[in-house]
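Going by the working numbering, the first residue of the sequence shown is number 19, and it counts up by one from there. We put the CB at the ideal spot given by N, CA and C, even for glycine. Just so you know, these numbers come straight off a predicted model, no measurement behind them.
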Amino acid sequence: MDSLQMLTQAQLMKLLNCSESHVTFLREMGIIPAIRTGRNYMFSPRAVSNFYMDYEGLDVSSRIKAIQSKQIVDARKKI
19 MDSLQMLTQA
29 QLMKLLNCSE
39 SHVTFLREMG
49 IIPAIRTGRN
59 YMFSPRAVSN
69 FYMDYEGLDV
79 SSRIKAIQSK
89 QIVDARKKI
């Protein structure tokens, strides 16, 4: 069951080395899906792994770049 341990938003912030508002933006855009647990959000290891695979080589460091990267990933998935 250890492989099923969910990540909190704070843990994901540390993992991605970004701010809370940026993690919130990535979640709201659907770039990293989350599960709402009361007032908090949790991120599955699979969601984080898929993020790494789908967005490898792309830039999500700003809102504009994240939106552009999401469009690229969405286009790849349609093929």
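Within the stretch 49-78, ranges of the alpha helix (DSSP H) (whole runs, at least 4 residues): 63-72
Inter-residue spacing [alpha-carbon to alpha-carbon] between G56 and S67: Here residue 56 refers to the residue found at position 38 of the sequence shown. Here residue 67 refers to the residue found at position 49 of the sequence shown. Each residue's alpha carbon lies about 24 Å from the other.
Residue closest to Q29, alpha-carbon to alpha-carbon, out of I97, S62, I82 and G75: Reading the sequence shown from its first residue, position 11 is the one you call residue 29. Per the Cα distances, S62.
According to DSSP, residues forming a beta bridge with L34: The sequence position of residue 34 within the sequence shown is 16, counting from 1. L34 pairs with nothing; no bridge assigned.
Beta carbon of L33 nearer than 8 Å to that of L25: By one-based count along the sequence shown, residue 33 stands at place 15. By one-based count along the sequence shown, residue 25 stands at place 7. Cβ atoms of L33 and L25: closer than 8 Å.
Selected residue, minimal CA-CA separation from A65, among P51, C36 and G75: Against the sequence shown, residue 65 aligns to sequence position 47. Selected option, being the one with the closest Cα: P51.
Beta-carbon spacing of V91, D72 below 8 Å: Within the sequence shown, numbered from 1, the residue matching residue 91 stands at position 73. Within the sequence shown, numbered from 1, the residue matching residue 72 stands at position 54. In this structure, D72 lies closer than 8 Å to V91 by Cβ.
Rounded distance between the beta-carbons of A84 and M47, thought under 8 Å: Along the sequence shown, one-based indexing puts residue 47 at 29. Along the sequence shown, one-based indexing puts residue 84 at 66. Here M47 really is in contact with A84; their C-beta atoms are around 6 Å apart, less than 8 Å.
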